[in-house]
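Start counting the sequence shown at 8; every next residue gets the next number (the working numbering).
Think of the CB as a built atom: it goes at the ideal place given N, C-alpha and C, for glycine as much as any other residue.
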Amino acid sequence: SASFQSIRTVSATLSGVEIVHAIRKRTRRELSLIGFSVVDELEALLAA
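Next comes the structure, spelled out in structure tokens:
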């Protein structure tokens with residue numbers, strides 16, 4: 008079973024999962040993978 012060393016690692020892990028989920032959700036909504044850039048999506052989400 009997985010365990011976390013501290014609340015900080017839990018927070019970082021959950022933040023990463025939420026970002027990936029938001030990117031996938033947005034990509035599905037647009038129904039376009041052509042020209043999709045993970046870096047561009049991460050920058051857009053972090054800027055918001």
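Exercise for the section: Pick helix, strand or coil for Ser18, following the three-state DSSP scheme. Expected result: Helix, per DSSP.
Practice task
Please state if the CB of Ile30 and the CB of Glu48 are separated by a distance shorter than 8 Å.
Solution key: yes
Practice task
Report, in whole angstroms, the separation of the C-beta atoms of Leu52 and Ile26, which I expect to be a contact under 8 Å.
Solution key: 6 Å
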